[in-house]
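Engineer: Quick note on numbering: the numbering used here labels position 1 of the sequence shown as 59, and the sequence is numbered without any gaps.
The structure that follows is given in the form of structure tokens.
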Amino acid sequence: MNNDEVKACCADAYSQDVVSLLLGDSYHPGGKALTRRLADSLRLTPDDRVLDVASGRGTTALLLADTYGVRVDGVDYSAANTALAQGAAQAAHLADQAVFVTGDAEHLPYPDASFDAVVCECALCTFPDKARAAAEFARVLKPAGRLGITDVTAEPGRLPPELSGLGARIACIADARPLAEYTRILAQAGLRTITTERHDAAMLRMIDQIEARLNLLRITAPDKLAEANVDLDGAPAVLAAARAAVAEGTLGYAVLNAVKSP
């Protein structure tokens with residue numbers, strides 16, 4: 059499967075309703091609380107223009123627009139998610155502050171030096187060409203612009219078979235990298251890491267949440283699980299492997315702040 063096919067597969071998976079049923083409003087560990095922590099660390103002000111890369115259904119972008127008063131542009135590979143995000147902005151009376159387009163994180167549809175800050179939550183790990191995406195983050199940032207990332211971290215060579223392959227990649231695991239490798243990728247793009255934080259407990263809470271919601275959906279909405287091709291027989295082993303990987307330090311979650319070199 060080539061890179062474009064991987065992107066399309068991930069985008070299609072995250073546009074399905076079953077994902078929101080399993081993950082809730084925020085499609086990442088830590089939810090809105092961790093998004094606020096990330097935003098606070100970026101010191102956002104109402105004068106800032108912010109880009110949300112892989113904006114999904116708009117949860118992060120709308121929180122930033124509403125809570126911090128910033129102008130947010132969201133870009134996502136899924137046209138379905140873009141439409142849903144724009145609808146959510148209109149419903150929240152934030153359409154004048156949050157605008158969403160369909161686009162590729164590795165080829166961002168914005169001019170150079172357009173943004174004061176870029177955020178990317180639980181998505182860099184899914185991009186096939188992470189170095190290219192990092193270069194695009196840097197390109198669209200103004201000099202001394204800030205980058206905020208929350209993402210899955212992993213030691214790829216130590217992941218068990220249950221956490222490898224395309225399904226695990228879509229689940230933000232199989233192609234995740236160690237935190238130190240993320241910082242190297244960013245540094246090569248001219249983005250200097252300022253702070254990092256580990257939030258592995260948030261990953262464990264999300265695993266528990268997925269397990270609980272999956273068990274509930276087995277009873278209340280088995281048709282939705284079937285439509286989304288959820289492997290109910292294999293899910294317990296995958297969740298157990300993920301939980302064990304977090305306990306061993308092979309899998310985790312982190313917040314990273316970086317700045318573009320002037």
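Cβ atoms here follow ideal geometry from the backbone N, Cα and C, with glycine treated the same way.
#1: Taking Cβ positions, are L96 and V177 nearer each other than 8 Å?
#2: Could you tell me the distance, in whole angstroms, from the CA atom of K337 to the CA atom of G145?
#3: Express the C-alpha separation of L290 and F173 in angstroms, rounding to a whole number.
#4: Do P104 and G127 have their beta-carbon atoms positioned less than 8 Å apart in this structure?
#5: Could you name the residues of the same chain whose beta carbon sits closer than 6 Å to that of G352, not counting the 5 residues immediately before and after it, in chain order?
#6: Looking only at DSSP bridge pairs, what is E255 linked to?
#7: Kindly identify the DSSP beta-bridge partner or partners of T211.
#8: Could you pull out every residue in the same chain whose Cβ sits closer than 6 Å to the Cβ of E306, ignoring the five residues on either side in sequence?
#9: Following the continuous alpha helix (DSSP H) through T117, name the residue where it begins and the one where it ends.
#10: In angstroms, rounded to a whole number, what distance separates the CA positions of V133 and D162?
#11: In the DSSP assignment, what are the bridge partners of D174?
#12: Consult DSSP for E194 and reduce its assignment to one of helix, strand or coil.
#13: In three-state DSSP terms, what is P201?
#14: Quick one: grab the DSSP three-state call for T184.
#15: Using the beta-carbon count (16 or more within 10 Å), is L166 buried or exposed?
#16: Tell me whether I265 is buried or exposed, calling it buried when 16 or more other Cβ atoms sit within 10 Å of its Cβ.
Structural biologist: In short, the structure shows the following:
#1: Along the sequence shown, one-based indexing puts residue 96 at 38. Along the sequence shown, one-based indexing puts residue 177 at 119. Cβ atoms of L96 and V177: closer than 8 Å.
#2: Nothing can be reported for residue 337: it is not among the residues displayed for the chain, which extend from 59 to 320.
#3: Start at 1 with the first residue of the sequence shown, and residue 173 comes out as number 115. Start at 1 with the first residue of the sequence shown, and residue 290 comes out as number 232. In this structure, the straight-line span from the alpha carbon of F173 to that of L290 is close to 43 Å.
#4: On the sequence shown, position 69 is the one that residue 127 refers to. On the sequence shown, position 46 is the one that residue 104 refers to. Going by C-beta atoms, G127 is nearer than 8 Å to P104.
#5: Absent from the structure is residue 352, since the part of the chain shown begins at 59 and ends at 320.
#6: In the sequence shown, residue 255 corresponds to position 197, counting from 1. V313.
#7: Working through the sequence shown from its first residue, we reach residue 211 at position 153. Partner(s): R235, G310.
#8: Locating residue 306 in the sequence shown gives position 248, counting from the first residue. Closer than 6 Å at the Cβ level, and outside the excluded window around E306, lies no residue.
#9: Translated into positions along the sequence shown, residue 117 becomes position 59. Per DSSP, T117 belongs to the alpha helix (DSSP H) from 117 to 126.
#10: In the sequence shown, residue 133 corresponds to position 75, counting from 1. In the sequence shown, residue 162 corresponds to position 104, counting from 1. In a straight line, the C-alpha of V133 is about 8 Å away from that of D162.
#11: On the sequence shown, residue 174 is found 116 positions in, with the first residue counted as 1. Paired residue(s): none; D174 is not in a bridge.
#12: In the sequence shown, the residue the question calls residue 194 occupies position 136. Three-state DSSP puts E194 in a helix.
#13: Here residue 201 refers to the residue found at position 143 of the sequence shown. Note: P201 maps to strand in three-state DSSP.
#14: Working through the sequence shown from its first residue, we reach residue 184 at position 126. Helix, per DSSP.
#15: As a first step, residue 166 must be located in the sequence shown, where it is residue number 108. Taking all protein chains in view, the Cβ of L166 is crowded by 16 or more other Cβ atoms within 10 Å, so the residue is classified as buried.
#16: Within the sequence shown, the letter at position 207 stands for residue 265. So I265 ends up on the buried side.
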